[in-house]
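With the UniProt record's numbering as the guide, the letters of the sequence shown map in order to residues 1 to 301. Note that CB positions come from ideal geometry on N, CA and C, so glycine has one too.
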Amino acid sequence: MACAATARPGTLPETHPETLMARFTGTERYVASRDLEVAVNAAVTLQRPLLVKGEPGTGKTMLAHEVADALGMPLIEWHIKSTTRAQQGLYEYDAVSRLRDGQLGDERVHDIANYIVRGKLWDAFEAEQPTVVLIDEIDKADIEFPNDLLLELDRMQFFVYETRKTVVARHRPVVIITSNNEKELPDAFLRRCFFHYIRFPERETMERIVATHFPDIKPSLAREALTMFFQVREVPGLKKKPATSELLDWLRLLMAEDLSPEDLRSKDVALPPLYGALLKNEQDVHLFERLAFLSRRKQQQ
């Protein structure tokens with residue numbers, strides 16, 4: 001695979017004019033708060049990565065999909081694991097394949113560029129049009145991972161040592177980075193980002209989210225389900241509070257089973273109907289069972 005043509009080091013790509021003019025205001029599928037809209041547009045204007053934190057299930061990853069859709073850009077996703085290295089986002093040199101091909105007499109071994117495997121950031125830098133790059137759950141990686149990308153994300157270029165060439169982004173991508181706060185990120189990295197924390201939606205916003213995803217849901221069922229959902233979240237001692245994604249799964253099941261608001265209000269069961277969509281921890285299930293038992297015993301006294 002041929003490497004990108006060299007470019008003058010220090011020559012930074014500008015954000016495409018159409019990108020700067022476009023404004024993110026949410027989409028038909030994604031209800032964005034005013035603060036989130038401002039954050040996305042500010043990051044685009046400042047030409048800085050947008051670092052998004054928030055509870056799991058609050059739509060951080062989906063945000064990148066919707067920004068790409070709203071701005072009419074391709075999305076390049078880089079999902080981070082505990083073993084992911086920053087270098088993998090740029091490129092990797094496949095020395096093993098080159099050694100094997102050399103032993104087999106393959107002519108490709110004479111061009112080292114044939115063994116350079118492009119990473120997600122290289123794909124974004126080489127794209128014919130501006131892209132949205134999602135670096136998902138950056139806090140899963142080693143603590144040095146963010147620092148190892150500082151220069152590349154700041155200058156939008158990197159050096160390929162094997163070919164002695166510099167790859168410079170044709171267009172500055174819109175970079176969205178998500179974190180679940182599993183570990184603190186370095187200060188030097190944070191200084192180069194525009195930060196936004198997605199707060200858990202209040203009831204009014206959640207009603208809009210439900211209406212967006214389930215336009216045909218019965219209003220009475222939606223009201224009762226939301227009431228129960230927020231009651232579940234407020235239970236003291238809950239190890240994992242259900243998030244927006246759990247609510248949407250639960251509503252989908254309630255509608256599929258054709259359950260009524262009365263089914264949700266039933267006092268004969270300790271747990272919400274189809275509770276497996278809301279409670280994802282056995283300790284939380286036992287907590288609800290104990291609370292229901294104590295409530296029944298109190299009523300009998």
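Check whether residue i and residue j have beta carbons under 8 angstroms apart
| i | j | result |
| --- | --- | --- |
| T178 | E137 | yes |
| residue 347 | V167 | As shown, the chain starts at 1 and ends at 301. That puts residue 347 outside it, with no answer to give. |
| V133 | K120 | yes |
| T244 | I209 | yes |
| V31 | T205 | yes |
| E27 | E66 | Here residue 27 is Thr; the residue named in the question, Glu, does not match the sequence. Contact: yes. |
| P242 | F229 | yes |
| I76 | D123 | yes |
| K183 | I143 | yes |
DSSP state of residue i mapped onto helix, strand, coil
| i | result |
| --- | --- |
| D136 | strand |
| R290 | helix |
| R118 | strand |
| G105 | coil |
| A7 | Residue confidence is low: A7 scores 45 on pLDDT, short of 50, so the model does not pin down where it sits. Its coordinate-derived value is still stated next. A7: coil per DSSP, three-state reduction. |
| G54 | strand |
| G97 | Per the sequence shown, residue 97 should be read as Ser rather than Gly. Residue state, collapsed to three classes: helix. |
| F158 | strand |
| H65 | helix |
| H213 | helix |
| H171 | coil |
| Y197 | strand |
| K60 | helix |
| Y275 | helix |
| residue 304 | An answer regarding residue 304 cannot be provided, because it is not within the stretch 1 to 301 covered by the chain. |
Separation of residue j from residue i, as counted between CA atoms
| i | j | result |
| --- | --- | --- |
| T61 | L51 | 11 angstroms |
| A277 | W250 | 5 angstroms |
| K140 | E262 | 43 angstroms |
| A270 | L287 | 10 angstroms |
| I135 | S266 | 44 angstroms |
| W78 | L153 | 14 angstroms |
| A95 | L104 | 14 angstroms |
| S33 | P201 | 9 angstroms |
| E128 | V44 | 19 angstroms |
| K165 | G72 | 31 angstroms |
| R170 | I198 | 31 angstroms |
| T6 | Q87 | Confidence is the limiting factor: at T6 the pLDDT is only 42, short of 50, which leaves the residue's position unreliable and the question unanswerable from this model. |
| P74 | P173 | 10 angstroms |
| R98 | R85 | 22 angstroms |
| F189 | L151 | 10 angstroms |
| R111 | F158 | The displayed chain sequence assigns Asp, not Arg, to residue 111. Near 20 angstroms, if we compare the C-alpha coordinates of F158 and D111. |
| R191 | G89 | 21 angstroms |
| R100 | Y93 | 14 angstroms |
| R118 | E246 | 36 angstroms |
Contacting residues, own chain, Cβ-Cβ under 7 angstroms from residue i (five flanking each side not counted)
| i | result |
| --- | --- |
| V160 | C3, Y91, I116 and V167 |
| G10 | For G10, the predicted structure reports a pLDDT of 48, less than 50, and the residue's modelled location is therefore unreliable. A value from the coordinates is still provided. Here the set comprises nothing. |
| R29 | E66 and T212 |
| N180 | P56, E137 and D139 |
| A64 | L75, V132, L134 and I176 |
| T58 | I198, F200, A243 and T244 |
Own chain partners of residue i with C-beta closer than 6 angstroms, once the 5 adjacent residues on each side are dropped
| i | result |
| --- | --- |
| L221 | P261 |
| K240 | K280 and N281 |
| L185 | P146 |
| E289 | A270 |
| D35 | none |
| V235 | none |
| L253 | L274 and A277 |
| A68 | L75 and V132 |
| L248 | H213 |
Close beta carbons around residue i, own chain, < 8 angstroms, minus the five adjacent residues each side
| i | result |
| --- | --- |
| L238 | V232, D284 and L287 |
| G102 | V109 |
| A70 | A22, F24, T25, G26 and T27 |
| L207 | Note on identity: in this sequence residue 207 is Glu, with Leu being the wrong assignment. Hits under 8 angstroms: A222 and L226. |
| F194 | A39, A42, A43, L46, R48, P49, L50 and L51 |
| A224 | Looking at the sequence provided, one finds Glu at residue 224 rather than Ala. Contacts found: P261, L264 and R265. |
| K53 | K60, T178, S179, N180, N181, F195, H196, Y197 and I198 |
Cβ of residue i within 8 angstroms of any chain B Cβ
| i | result |
| --- | --- |
| L71 | As a matter of chain content, chain B is missing from the structure shown, which is built from one protein chain. |
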